[in-house]
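Read through the structure below, which is laid out as structure tokens, and then see the notes.
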Amino acid sequence: MKTATASTLALTALLSFTTLGCSSMGYQDPSKSELVTIDFGSTDLQTLAGDMMVSLEEAPALMYMENPGKDADKRVILFIGDVENRTAEHIDTAAITDKIQTQLFKNGKFRLVAGKQGQAQISDQVRFQQSGAVREEMMRTVGRQLGADVVLYGSLRSIDKKRSASLESAGRTTRDKYYQFILRCVNIETAEILWQNEVELRKRSKTGVFGR
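Taking the numbering used here, the leading residue of the sequence shown gets 1086, the next gets one more, and so forth.
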């Protein structure tokens, strides 16, 4: 009996250890809310980009813009610049502007010109074509790019506050994180701000002694 009991306890301990050591992995719906930590995540990116895109598309000053060099298409030509990361986190803000650009391209309200990365690739290709490796009749003509009417740029800031565990908080640690995302469109010729918007996010987490 003692031997059987000892064997049962050993088996139970082994199974418990095995269960604790197991890991799982699987695909998730990227459109669903993600809140693994309080730090910047995919849901925050989607929210900031989505809210900004709606406001940008509805801006009256960005409906159409006359320019002597334009053809019959009078849509605003938009250059998407940088979003400065002024948070303490390592956030790839280009992911936000890329998402905005993708949606604007799909909706077709603006004419979009290549950003810094695209211009660098174009410059590399121009140098290659002018190196003699490409047939002369196949070389692309330079100096014919579209000139942007407006430039889009902005900043992302955050305020992070923490309240350590105490008797008053019943042993729970509280973190509060606030994000402020600002974008603006500026007329390149006049430097006039034609549109500006702010999107705010705030998240809070409470953690107990055992992580609950």
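Quick reminder that beta carbons are idealized off the backbone N, C-alpha and C, glycines included.
In this text, all values refer to a predicted model and were calculated from it rather than measured experimentally.
Report task. Express the C-alpha separation of residue 1146 and residue 1241 in angstroms, rounding to a whole number. Result -> 24 angstroms
Query raised in the report: Where residue 1165 and residue 1217 are concerned, what is the direct C-alpha to C-alpha distance, given to the nearest angstrom?
Result: 33 angstroms
**Report entry** Paired residues, beta bridge with residue 1283 - DSSP
**Finding:** 1267
Query raised in the report: Nearest-angstrom Cα distance between residue 1260 and residue 1173?
Result: 15 angstroms
**Report entry** CB contact flag (residue 1237, residue 1182, <9 angstroms)
**Finding:** yes
Query - Contacts around residue 1280, its chain only, beta-carbon distance under 7 angstroms, and the 5 residues preceding and following it disregarded - result: 1141, 1144, 1146, 1147, 1269 and 1270
Requested in this report: Decide if residue 1233 is buried, meaning its Cβ has at least 16 other Cβ atoms within 10 Å, or exposed.
Outcome: buried
Requested in this report: Answer with buried or exposed for residue 1177, where buried requires no fewer than 16 other C-beta atoms within 10 angstroms of its C-beta.
Outcome: exposed
Query raised in the report: Hey, residue 1262 and residue 1124: beta-carbon distance below 9 angstroms or not?
Result: yes
Query - Span separating the alpha-carbon of residue 1175 from that of residue 1223 - result: 43 angstroms
Query raised in the report: Is residue 1231 helix, strand or coil by DSSP?
Result: coil
Query raised in the report: Per DSSP, which one or two residues make a beta bridge with residue 1261?
Result: 1246 and 1289
Query raised in the report: Do residue 1284 and residue 1150 have their CB atoms nearer than 9 angstroms?
Result: no
Query raised in the report: Any idea if residue 1191 is buried or exposed, counting beta-carbon neighbours within 10 angstroms, 16 or more meaning buried?
Result: exposed
Query raised in the report: Which same chain residues, not among the five before or five after residue 1265, have their C-beta less than 7 angstroms away from its C-beta?
Result: 1242, 1283 and 1285
Query - Among 1130, 1213 and 1274, the one whose alpha carbon lies nearest that of residue 1227 - result: 1213
Query raised in the report: In chain order, what residues of the same chain lie with their CB nearer than 6 angstroms to the CB of residue 1169, ignoring the 5 residues before and after it?
Result: 1240
Query raised in the report: If we ignore side chains and look at the alpha-carbon of each, how far apart do residue 1208 and residue 1290 end up?
Result: 47 angstroms
Query - CB contact flag (residue 1161, residue 1195, <9 angstroms) - result: yes
Query raised in the report: Are residue 1135 and residue 1186 close, meaning C-beta to C-beta below 9 angstroms?
Result: no
Query raised in the report: Would a check of beta-carbon distances place residue 1242 closer than 9 angstroms to chain D?
Result: Protein chain content of the structure displayed is limited to a single chain, and chain D is not contained in it.
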